[in-house]
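Residue numbers (our numbering): 60 to 674.
Just below is one structure, and these are the notes that go with it.
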């Protein structure tokens, strides 16, 4: 019965349109060149009104407010910084939002494009005709009835918008115009979409494409399909963030007896709430939910008033772009939002330096430097007889043995396995908590730096090999050498004196030469022992300095080859995170950090600092 009634209403509407077209044919022919929006269902307007109306609705580009422009700029910067780190599919939605925002910005700001969408048999075409005041869209029993999007523009200047939607001129209409049309509806462009559950694939493709381009959507549901899973899971739930540009209309309430319409409407509100769609109740922003009957006209006036107010605000396009930005940011959250504090801690850096120092043999080099100092002290302050013996041993065994003692004894000082392990560990520390694409970029940077690190550490170890230079001589060494020479002189004088007594050259007196010889023989080793004890402290400090120098050289090499590239990747991640936060519409205080913990809050969610720890 509903389909028959709709068919009768359609026939009546077509008859009225035909009568109006016959009576005003001459006037229409004279003004045909002034219309750029396609066919006209009915025009009732005086000649004097036309120029003023056309002048008042000259298309002018849409102007976004400063916060929205800042968010778009941040998204554009975010996409640019991420192209080399993320695949094109991940950034496709963000690129689409930027393209749509740029395209919509160049079109009329005085027009609001509202699509009427619904399932088969929901009566959306009937509602479309009721809002236009004339039978523009075909209605009937045959399903699906609407095969292609049909546009109805209440005012001039919408041609660019309709061209963007891909609606040809033959599918563009005008509403029924009276002598005193409602000025609040000026600027409305209503689009009748095909059924979203149509069996024809082309119809569903039209719906998918149009829903991404229009400024707002009127979802028409009927008492039988208002809880349809396809509607809620495929359309309403993914577009929950677009609540402010969404109307949900329960049609065909004339088919519900008594207070059943209120019960169904309440259940519809419950389902929308489960979908995450905010409902615009008590003056709060959100979706507008109404119940009406397009066939009888009950409630249509309330929807027309809501649309008139919605269009008069001229903010639907910007709100739609803002909602698209929110949706794109939600999709990008897994690749930009870290689950914990990210970056290299100071402890991780120190452990990396310790592992490199161990790999390069800094400890063994320090011990070798300490031994070299002691050997120099013994050589300088030892007895001449001991030095003569050492010279003899060196001549007999060759200098290679002495040289062998000077180099670090750890044969695996720069073993590749140790270096690779150190690089791998520091890479794992750096990527902890990072999203997968940025974690992979950090690992790659660490791996590239670690490729030539073992060879560089080998070169450091060779350059640090001792004796590369003689240890410094302390100020007390000349005095010790003088005393040691004096002890040797006592031995020589005592020996010659005793020899002279034996051969009869000197007067016999054994006590004096023996005492001199004993003083020299005992004093020499005593001086050597004292110098050895005095050299222990400086030798240890010299060894520690050599170890520290080699450790710092290894750490500098590791920092240049591994830590700096890793820090550069973390800094890049920090930049994209800051842009991502701006896309969300949040400007963190103090440059994104609190003075206490370095954290900030975004949308009620606590965010951790972006800068890697330790610089």
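Using N, Cα and C, we set each Cβ at its ideal position, and we do this for glycine too.
Computed from a predicted model, the values in this text were never measured in an experiment.
Bridge partner(s) assigned by DSSP for residue i
| i | result |
| --- | --- |
| residue 209 | 251 |
| residue 23 | In the structure as shown, the chain starts at 60 and stops at 674, and residue 23 therefore has no counterpart that could be examined. |
| residue 120 | 167 |
| residue 338 | 346 |
| residue 177 | 279 |
| residue 232 | 211 |
| residue 172 | 248 |
Environment of residue i [buried if 16+ CB atoms lie within 10 Å]
| i | result |
| --- | --- |
| residue 170 | buried |
| residue 269 | buried |
| residue 368 | exposed |
| residue 623 | exposed |
| residue 289 | exposed |
| residue 600 | exposed |
| residue 572 | buried |
| residue 596 | exposed |
| residue 564 | exposed |
| residue 613 | buried |
| residue 636 | buried |
| residue 342 | exposed |
C-alpha gap between residue i and residue j, whole angstroms
| i | j | result |
| --- | --- | --- |
| residue 361 | residue 392 | 39 Å |
| residue 232 | residue 209 | 8 Å |
| residue 365 | residue 389 | 30 Å |
| residue 59 | residue 152 | The question about residue 59 has no answer, for the chain in this structure spans 60 to 674. |
| residue 348 | residue 326 | 12 Å |
| residue 156 | residue 412 | 46 Å |
| residue 514 | residue 425 | 21 Å |
| residue 469 | residue 419 | Because the pLDDT of residue 469 is 47, which lies under 50, any placement of that residue in the model is unreliable, and the number read from its coordinates should be weighed accordingly. The alpha-carbon atoms of residue 469 and residue 419 are separated by roughly 9 Å. |
| residue 560 | residue 576 | 14 Å |
| residue 253 | residue 354 | 19 Å |
| residue 435 | residue 562 | 41 Å |
| residue 160 | residue 480 | 49 Å |
| residue 404 | residue 285 | 55 Å |
| residue 590 | residue 450 | 20 Å |
| residue 460 | residue 570 | For residue 460, the predicted structure reports a pLDDT of 45, less than 50, and the residue's modelled location is therefore unreliable. A value from the coordinates is still provided. Distance between the alpha carbons of residue 460 and residue 570: 44 Å. |
| residue 606 | residue 542 | 33 Å |
| residue 555 | residue 583 | 18 Å |
| residue 132 | residue 162 | 15 Å |
| residue 278 | residue 127 | 26 Å |
| residue 387 | residue 296 | 15 Å |
| residue 545 | residue 427 | 32 Å |
| residue 124 | residue 381 | 11 Å |
| residue 329 | residue 225 | 36 Å |
Among the options, the one whose alpha carbon lies nearest that of residue i
| i | options | result |
| --- | --- | --- |
| residue 309 | 520, 320, 300 | 320 |
| residue 142 | 587, 614, 496, 547 | 496 |
| residue 165 | 559, 377, 634 | 377 |
| residue 234 | 195, 318, 611, 407 | 195 |
| residue 139 | 159, 154, 341, 500 | 154 |
| residue 363 | 264, 187, 537 | 187 |
| residue 494 | 402, 516, 159, 120 | 402 |
| residue 521 | 570, 609, 596, 595 | 609 |
| residue 191 | 176, 158, 223, 244 | 244 |
| residue 579 | 380, 553, 564 | 553 |
| residue 183 | 261, 281, 381 | 281 |
| residue 181 | 293, 312, 221 | 312 |
| residue 266 | 215, 557, 177 | 177 |
| residue 276 | 293, 263, 298, 256 | 298 |
| residue 207 | 421, 175, 213, 287 | 175 |
| residue 519 | 558, 564, 548, 617 | 617 |
| residue 602 | 423, 125, 219, 341 | 423 |
| residue 410 | 611, 122, 215, 598 | 611 |
| residue 574 | 261, 548, 214, 586 | 548 |
Same chain only: Cβ atoms within 7 Å of residue i, ignoring 5 sequence neighbours per side
| i | result |
| --- | --- |
| residue 217 | 96, 167, 170, 248 |
| residue 318 | none |
| residue 149 | 394 |
| residue 130 | 384, 641, 642, 644 |
| residue 621 | 482, 485, 505, 508, 509, 512 |
| residue 274 | 171, 172, 173, 304, 375, 376, 379 |
Own chain partners of residue i with C-beta closer than 8 Å, once the 5 adjacent residues on each side are dropped
| i | result |
| --- | --- |
| residue 346 | 302, 303, 305, 306, 307, 331, 336, 337, 338, 339 |
| residue 136 | 638 |
| residue 271 | 155, 159 |
Cutoff 6 Å; reference residue i; Cβ partners in own chain excluding five residues on either side
| i | result |
| --- | --- |
| residue 189 | 353, 359 |
| residue 567 | 560 |
| residue 501 | 489, 490, 625, 628 |
| residue 430 | none |
| residue 632 | 497 |
| residue 211 | 191, 195, 232, 234, 249 |
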